[in-house]
Amino acid sequence: MKGKLFGANVTLKGIIQYVQRDDGDNYYWENIYSVADNGDKYWIDYDAYSDQYTLYQEVGFNEELFRSSGFKTVEPENGDYIKIIEKGIGKVNGVEGEIPMQIQKQSRVAFIDAVGGKGQYSMEWDDQFANLYSGQNVTSVNILNAFGLHDLAEKERKRLKNKIRWKIIDVVVIATLVIAALGILSSYVFTRTIYEDDIAVCDEASLLCDYNNQAGPIKLPSFPFVTRITVNSQLPQVYTKGSEVWKSVAVELTDSSKEPTNAIYYDLYNEYWVEGGESGRETKNTISKDIQVVEGGTYYINLYAESSTNYDADVHNIHITVQTRLAYSTPFVVLLASGISYFLFFRNNKK
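Sequence positions in the sequence shown follow my numbering and run 3 to 353.
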């Protein structure tokens, strides 16, 4: 195949594919050998790890100095100073066509990647040869156009454009995941207990109890904070066989100027029975509820309790805890779930 590189007419001669183990992963790179009409030698290097093309031209260097220095000093004929940035060993995975070195499949070739004041360099050598190349990064579109493959070049241009678009989307989604995770974490890290007390509450059926059944005052913040009210009330541990013991508790949030709101009603059950030699008991003593206070200020919590005749208590001891935290946890959970779903189900199907 013929084309034009650096303004010169060239002919593709052969290709070498190398493989190397890098961080536990196998990846490969390919060197495509081409010769210009004037005899100049060019290599098109494709690195599958970075999906990057580099166009190299062979340059002279002091091979004797390179070998005598233990492969540490590279002195090109163009006078450039070269700094080595990577060394490695590549194994030849395949050879096709004509190449200027006597290598074959499974051969091991050392390489150097370097930079200098006049650009980037690459070097390959073994016991029989040593070649130095200076190069510049190009795109696959440049290469395809250079060899007249314009239709393929247009398809490749669209592929690269789409690849960039998905990279941008990936960055945005990753940033969203980080923000969502931090938001969820902060909503719980900054949870603060603002009120906690044990309240003696009169049973609604009692006529002799004189407790006021109210907790407070409590200063509650408004948005962006959520208030969590947790109530704990224990049932007795002594029962009459075959009987049912229960307690019903109601919690109301109120202030002096508004009707009670955000009520919590729940029942506590304790059952004891004997049937066929088996006995059992079920207990539920604690309940919590998150509420959003529209207007911050001073509030009170009204508590009401009622029990079965088997319990028959005039006073119920109720432990109440009031906490506040940031209100963002729910939307952040949605963002986090959406971001994870993107990477698990959507991204790979579209790319």
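Heads up, the beta-carbon is just placed ideally off N, CA and C, and yes, glycines get one too.
- Message: Taking the beta strand (DSSP E) that Ser310 belongs to, which residues open and close that run?
- Response: Premise fails: Ser310 is in no beta strand (DSSP E) and is neither H nor E.
- Mind checking which residues open and close the beta strand (DSSP E) that includes Glu65? No beta strand (DSSP E) holds Glu65; the alpha helix (DSSP H) holding it covers 65 to 70.
- Compare the Cα-Cα distances from Glu308 to each of His318, Tyr301, Tyr302, Thr300 and report the closest residue. His318
- Task: Return yes when at least one heavy atom of the ligand GDP lies under 6 Å from the C-beta of Ile231, else no.
- Result: As presented, the structure is devoid of all ligands, the ligand GDP included, so that no description of it is given.
- Query: Which residue's Cα is closest to the Cα of Val94: Phe113, Lys85, Glu79, Val76?
  - Reply: Phe113
- Query: Helix, strand or coil: how does DSSP classify Val276 here?
  - Reply: Because Val276 carries a pLDDT of 44, less than 50, the predicted location of this residue cannot be relied on, and the following value inherits that uncertainty. Val276 falls in the coil class under three-state DSSP.
- Item | Option nearest Glu88 by Cα separation, candidates Phe73, Ser224, Cys204, Val228 | For Glu88, the nearest C-alpha among the options comes from Phe73.
- Query: Using the beta-carbon count (16 or more within 10 Å), is Ala177 buried or exposed?
  - Reply: exposed
- Task: Just grab the DSSP bridge partners of Met125 for me.
- Result: Ile114, Leu134
- Query: How long is the line joining the alpha carbons of Ser124 and Asp42, rounded to whole angstroms?
  - Reply: 17 Å
- Could you pull out every unbroken alpha helix (DSSP H) segment of at least 4 residues lying fully inside the segment 35 to 106, listed in chain order? 65 to 70
- Message: Give me the DSSP bridge partner(s) of Arg230.
- Response: Asp292, Gln325
- Query: Would you report the Cα separation of Tyr241 and Asn287, rounded to the nearest angstrom?
  - Reply: With a pLDDT of 49 at Tyr241, under the threshold of 50, the modelled position of that residue is not reliable, and the figure given next carries that caveat. Each residue's alpha carbon lies about 16 Å from the other.
- Query: Could you give the uninterrupted runs of the alpha helix (DSSP H) lying entirely in the segment 142 to 195, keeping only those of 4 residues or more?
  - Reply: Here the runs fully enclosed are 142 to 148, 152 to 191.
- Measuring CB to CB, does Gln294 end up less than 7 Å from Thr195? In this structure, Thr195 does not lie closer than 7 Å to Gln294 by Cβ.
- Query: Hey, quick one: how far does the beta strand (DSSP E) through Leu222 stretch, first residue to last?
  - Reply: Taken as a continuous stretch (DSSP letters only), the beta strand (DSSP E) holding Leu222 covers 216 to 222.
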